[in-house]
Each structure stands twice: as structure tokens, then as C-alpha cells.
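Presented below is the structure to which this report refers.
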Amino acid sequence: MAKARAIVKRLKAIKNIRKITRTMELIATARFKKAMDRASQASAYTKKISEIVADIARTAGGDSDEMSHPLLRAPEATKNATLLVITSNRGLAGGYNGGILRGAIRRMKETREAGATLKLEVAGKRGISYMRFQAESAEKTYTNFDDRPGYDEVERIADRYIEEYISGRLDRLDVAYMKFVSASRQTPVVETLLPIGNLATDQAKPARGRVVDYELLPSAQEILKEIVPAAFKARLFKCFLDAAVSEQIARMVAMKGATENADEIIGNLSQKYNRARQSQITSELAEIIGGAAALE
Amino acid sequence: MAIPNQFRLVVVTPEKTLLDESVDSVQVPLYDGMAGIFPGRAPMVGRLGFGEMAVNAGGSKRVWFIDGGFVQVSGNVTSVLTNRAVLPEKLEPSVAEKKLAEANAIVPKNEAAFDAKEREQERNRRIISVARKSR
Numbered sequence: 522m523a524k525a526r527a528i529v530k531r532l533k534a535i536k537n538i539r540k541i542t543r544t545m546e547l548i549a550t551a552r553f554k555k556a557m558d559r560a561s562q563a564s565a566y567t568k569k570i571s572e573i574v575a576d577i578a579r580t581a582g583g584d585s586d587e588m589s590h591p592l593l594r595a596p597e598a599t600k601n602a603t604l605l606v607i608t609s610n611r612g613l614a615g616g617y618n619g620g621i622l623r624g625a626i627r628r629m630k631e632t633r634e635a636g637a638t639l640k641l642e643v644a645g646k647r648g649i650s651y652m653r654f655q656a657e658s659a660e661k662t663y664t665n666f667d668d669r670p671g672y673d674e675v676e677r678i679a680d681r682y683i684e685e686y687i688s689g690r691l692d693r694l695d696v697a698y699m700k701f702v703s704a705s706r707q708t709p710v711v712e713t714l715l716p717i718g719n720l721a722t723d724q725a726k727p728a729r730g731r732v733v734d735y736e737l738l739p740s741a742q743e744i745l746k747e748i749v750p751a752a753f754k755a756r757l758f759k760c761f762l763d764a765a766v767s768e769q770i771a772r773m774v775a776m777k778g779a780t781e782n783a784d785e786i787i788g789n790l791s792q793k794y795n796r797a798r799q800s801q802i803t804s805e806l807a808e809i810i811g812g813a814a815a816l817e
Numbered sequence: 004m005a006i007p008n009q010f011r012l013v014v015v016t017p018e019k020t021l022l023d024e025s026v027d028s029v030q031v032p033l034y035d036g037m038a039g040i041f042p043g044r045a046p047m048v049g050r051l052g053f054g055e056m057a058v059n060a061g062g063s064k065r066v067w068f069i070d071g072g073f074v075q076v077s078g079n080v081t082s083v084l085t086n087r088a089v090l091p092e093k094l095e096p097s098v099a100e101k102k103l104a105e106a107n108a109i110v111p112k113n114e115a116a117f118d119a120k121e122r123e124q125e126r127n128r129r130i131i132s133v134a135r136k137s138r
């Protein structure tokens with residue numbers, strides 16, 4: 522009797538857990554769709570920016586003097602580097618945070634070995650507690666980014682980086698986050714956002730045959746002065762959007778696995794329970810028959 | 004070459020695509036004043052300032068407050084890229100007035116700070132004027 526009872530208790534617990542994981546999977550799926558929509562809407566902006574930059578470069582005739590901007594210039598030596606780690610606020614997302622943090626720790630080591638001072642900034646509660654555990658002090662922490670990162674919030678951070686970079690207090694900015702490649706593939710990466718290596722690297726498409734001769738108002742230089750920071754902000758924003766989408770996918774996959782696992786355990790346990798119950802009935806029957814036989 | 008009487012206007016912000024439709028004309032605030040764009044305009048890339056963007060389509064006029072950015076005219080497509088596009092009713096002139104007062108109080112110590120001050124003043128003045136116009 523006792524054994525069957527214990528199994529029933531476990532079975533109930535696992536059924537409850539299954540309900541939770543199943544619900545979390547559904548929620549993650551819904552959030553993923555929303556985050557995905559936002560990310561694809563935002564990519565229109567990034568695409569347009571690269572297009573304009575490429576067009577200006579062509580119109581200006583690749584004149585290197587015209588195409589210069591403080592954010593494009595690489596400093597001679599990297600003395601002060603900042604690493605921004607984007608993790609999630611909540612757990613239960615499989616290997617999502619682990620992958621990012623491993624990459625971040627590796628980059629921190631490399632930077633320190635190269636003799637640069639490193640400032641650490643962490644977004645997401647998971648990353649914050651991990652860094653605290655590793656006895657790494659984070660310069661700044663953010664917990665206000667969830668599955669809907671706002672442009673205004675990102676812009677404020679980006680403005681600070683731009684200001685620091687131009688004034689020479691920052692030589693390199695790395696961002697560790699989960700890059701969204703496709704719905705079935707996300708990879709943890711550490712990307713260098715500053716100095717901006719090549720503005721036109723991720724441009725959507727090259728010139729469509731004929732070159733359009735643009736009228737530039739006020740001038741290529743002036744437009745560049747505005748568009749380079751805008752491109753940087755758009756890139757940083759994209760990191761946050763990618764992270765948000767990847768987090769939901771990671772959680773979805775993790776919860777799907779957990780639900781399937783719970784199903785398997787429920788199957789095993791109910792089989793065990795049936796066996797235990799059957800053997801209990803058999804032994805009770807044997808006792809009754811034995812008792813009746815003794816009376817005859 | 005016949006010039007079509009409408010063109011495609013795409014307005015994008017970092018967060019979303021606000022508008023993608025055929026329009027008769029659009030007025031945008033360039034860095035030095037308003038510019039009107041009609042079908043068949045020569046290709047251009049321009050820096051935007053702060054102010055109202057007016058979209059005319061089918062006899063109706065819609066207005067947004069534009070917070071800097073760029074405009075690109077290429078063939079039959081005009082793209083407006085901006086950090087923020089806000090409906091005039093959603094603007095907060097009281098906040099802008101406070102920020103304007105703050106900007107006025109700044110004593111710039113170098114060129115960059117001076118530019119920043121001017122920008123902030125211009126931005127808040129525009130917000131106030133666009134908001135007032137819509138009332």
C-alpha cells in the first residue's frame with residue numbers, strides 16, 4: 522500500500538510540473554512571435570541606414586577625407602575597453618545565459634591579458650548574479666530590458682558610449698549576446714561595435730546597376746556626422762532585439778524538452794503504479810485465499 | 004517621361020515601420036527649413052531637423068512630429084528615417100518647456116557643448132510650437 526501511495530504522490534507532483542512547463546512553453550512561443558515581429562520591423566531601419574551610407578560613399582567618390590568620422594577611427598592602442606553582457610532577467614531558458622557568459626568571461630580574460638583595463642556592464646539579472654558569484658564588479662547593471670527592449674532606453678546607453686568614445690575614455694566596446702541567425706539557430710557571440718569597422722558590411726544589396734547621383738543636403742560630411750551615430754545606435758538596438766528573440770526561443774526549446782521529459786516520467790510512473798497496485802491486490806487475494814484455506 | 008502623380012513614402016523608426024503607402028506629397032523638416040517633396044523629385048539624401056512632417060494623400064493631411072533623422076529620395080520611393088515620430092497630440096509641451104528652460108541655463112564651455120545646447124533648444128522649441136498648433 523505504502524509504495525503505491527508514494528508513487529501517486531510523485532505522479533501528481535510531476536503532472537503539476539508538466540502543466541507549468543507546458544504553459545511556459547506556450548507563453549514563450551507567443552512572446553517569441555511578438556519579439557520576432559519587432560525585430561523584423563527594426564531591421565527595415567538598419568537596412569535603410571546601410572543603404573544610405575553606401576550611397577553616400579559612392580556619391581562622395583570614396584574620398585577618404587569626406588568619409589571620416591570620430592567613431593570610424595580606430596585608436597592606436599586599446600587601453601580602456603568596455604564589455605556589455607546582455608543576459609536574461611529570468612532563468613529556465615536552457616543554455617541561453619551559460620553560453621553568453623562563457624563567451625564574455627573568455628573575452629574578459631583576453632582583454633586583461635592584452636593589458637587593457639576592462640569595464641564590465643551587465644544587462645539582465647542572471648548575468649548580474651553570475652558576475653557577482655565570479656567576484657567581478659560590474660560598472661553598470663541594467664534590469665529594465667525584458668522581451669520588449671525600447672529604443673529610448675538603448676539610445677541613452679548608446680549616447681553615453683559615443684560620448685566616451687569621442688572623448689577618448691573608451692577605446693573599444695564589445696557586446697556579448699545571443700545572435701539570432703535563424704529561428705532554429707542562435708549563437709552566442711562577442712561583437713566589437715566600436716570602433717565601427719566597416720559601415721557598409723551588412724548592407725542589404727549592392728548597387729542595382731546604375732548609380733544614382735544624389736543631391737546631398739547639406740553635404741556628405743554633415744550627413745555622415747549624423748548617420749554614423751545613428752548606425753551605431755541601430756546596431757546596438759539590434760543586439761538587444763536579437764537577445765530578446767533568442768531568449769524566447771531558448772526558453773521555448775528548454776520548456777518543450779522539459780514537457781516531453783515530464784510526459785516520459787509520467788508514463789513510467791503510471792506503469793510502476795499499476796504494477797505496485799496489481800501486486801498489492803495479488804498479495805491481498807493470496808492472504809484471503811490462504812485465510813479461507815486455513816479455516817476449512 | 005510621364006511623371007506619376009503619386010509616389011511611395013516609407014517612414015521607418017528603429018522600432019517599427021510607421022508608414023509604407025502611396026502619397027501625393029510630403030513635407031519634411033530639413034536641417035535648415037521645410038522641404039516639400041512631390042512625385043518626380045531628383046534623387047536626394049538630406050539631414051532632417053526637428054519639426055512636423057505633413058503627409059498629403061487623397062486630399063487628407065496627416066501630421067507627425069519628427070525628431071531628426073534622414074530623408075532619401077530615390078526614384079519613386081521616398082524614405083524617411085527618424086528616431087522618433089510622434090503624433091502632435093501625444094507631445095508633451097510642458098516637459099519640453101521645462102527642458103528648454105534647462106537648456107537655456109546651460110553655459111557652454113566648448114564648441115560641442117554649444118552645439119548640443121543649440122540642438123536641445125531648437126528641439127524643444129519645435130515640440131512646443133507643433134503641439135500648440137495642433138491644439
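Here the protein sequences come in this chain order: Z and U. Following our numbering, the numbering of the first sequence begins with 522 at its first residue and continues without gaps. Following our numbering, the numbering of the second sequence begins with 4 at its first residue and continues without gaps. C-beta: ideal position from N, C-alpha, C; glycine also. This structure is a prediction, so every number in the text was calculated from the model and none was measured.
Check	Outcome
Residue-chain proximity (Tyr-819 of chain Z, chain U), Cβ-Cβ < 7 Å	With chain Z covering only 522 through 817, there is no way to say anything about residue 819 of chain Z.
CB of Lys-700 of chain Z within 7 Å of CB of Val-711 of chain Z, strictly	no
Beta-carbon proximity list for Tyr-682 of chain Z, same chain, < 6 Å, skipping 5 on both sides	Leu-694
Candidates Z:Val-733, Z:Ala-560 and Z:Ile-535, of which the one nearest Ala-704 of chain Z by Cα	Z:Ala-560
Alpha helix (DSSP H) segment containing Ile-607 of chain Z, residue limits	Premise fails: Ile-607 of chain Z lies in the beta strand (DSSP E), 601-607, not in any alpha helix (DSSP H).
Where Tyr-34 of chain U sits in the DSSP three-state scheme	coil
Option in Z:Asn-665, Z:Ser-791 and Z:Ala-814 with minimal Cα separation from Ala-644 of chain Z	Z:Asn-665
Met-37 of chain U versus U:Gly-71, U:Leu-90, U:Ala-104 and U:Glu-92, residue with shortest Cα-Cα distance	U:Gly-71
First and last residue of the uninterrupted beta strand (DSSP E) at Lys-700 of chain Z	693-703
Alpha-carbon spacing of Lys-726 of chain Z relative to Met-557 of chain Z, whole angstroms	At Lys-726 of chain Z, the pLDDT of 46 sits below 50, so the modelled position is not reliable; the number obtained from the coordinates is stated separately. Answer to the nearest angstrom: the Cα atoms are 22 Å apart.
Contacts of Glu-743 of chain Z in chain U (Cβ-Cβ under 7 Å)	Arg-50
Val-749 of chain Z, DSSP secondary structure in three states	helix
CB contact check: Gln-655 of chain Z to chain U, cutoff 7 Å	no
Test item: CB-CB of Met-629 of chain Z and Leu-639 of chain Z under 7 Å	yes
Local conformation of Ile-6 of chain U per DSSP, three classes	coil
Nearest neighbour of Gly-616 of chain Z, chosen from Z:Ile-786, Z:Gln-769 and Z:Leu-762 [CA to CA]	Z:Gln-769
Inter-residue spacing [alpha-carbon to alpha-carbon] between Met-554 of chain Z and Ile-548 of chain Z	Sequence inspection shows Lys at residue 554 of chain Z; the Met mentioned does not correspond to that position. The straight-line gap from Cα to Cα measures roughly 10 Å.
C-beta atoms of Asp-668 of chain Z and Ala-565 of chain Z nearer than 7 Å	no
Sequence-distant residues of the same chain with beta carbon closer than 6 Å to Tyr-698 of chain Z, five excluded per side	Ile-607, Cys-760 and Ala-764
Status (buried if at least 16 other CB within 10 Å, exposed otherwise) for Val-80 of chain U	exposed
Cutoff 7 Å: Val-733 of chain Z Cβ touching any chain U Cβ	yes
Sub-7 Å separation of Val-675 of chain Z and Leu-745 of chain Z beta-carbons	no
Among Z:Glu-546, Z:Arg-706, Z:Leu-532 and Z:Ala-598, the one whose alpha carbon lies nearest that of Arg-690 of chain Z	Z:Ala-598
Cβ-based burial, Ile-809 of chain Z [other Cβ within 10 Å; buried from 16]	exposed
Interface partners of Phe-68 of chain U on chain Z, CB under 8 Å	The premise fails here: Phe-68 of chain U is roughly 15 Å from chain Z at the closest Cβ pair, so nothing lies under 8 Å.
Enclosing beta strand (DSSP E) for Phe-68 of chain U [first to last residue]	63-77
6 Å Cβ shell around Arg-543 of chain Z - same chain, five flanking residues per side excluded	Thr-780
Run of the beta strand (DSSP E) containing Pro-709 of chain Z, from where it starts to where it stops	706-715
DSSP three-state assignment for Ile-109 of chain U, whether helix, strand or coil	coil
Interfacial residues, the region 699-723 of chain Z to chain U, with Cβ spacing under 9 Å	none
Minimum C-alpha distance to Val-574 of chain Z - residue among Z:Ala-563, Z:Ile-748, Z:Leu-737 and Z:Pro-596	Z:Ile-748
Cβ-based burial, Asn-86 of chain U [other Cβ within 10 Å; buried from 16]	buried
Residue span of the beta strand (DSSP E) that contains Leu-737 of chain Z, given as start and end	736-738
Local conformation of Thr-16 of chain U per DSSP, three classes	coil
Candidates Z:Ala-752, Z:Lys-600, Z:Ala-771 and Z:Glu-546: closest to Ser-571 of chain Z by CA position	Z:Ala-752
Beta-carbon spacing of Ile-786 of chain Z, Ile-535 of chain Z below 7 Å	yes
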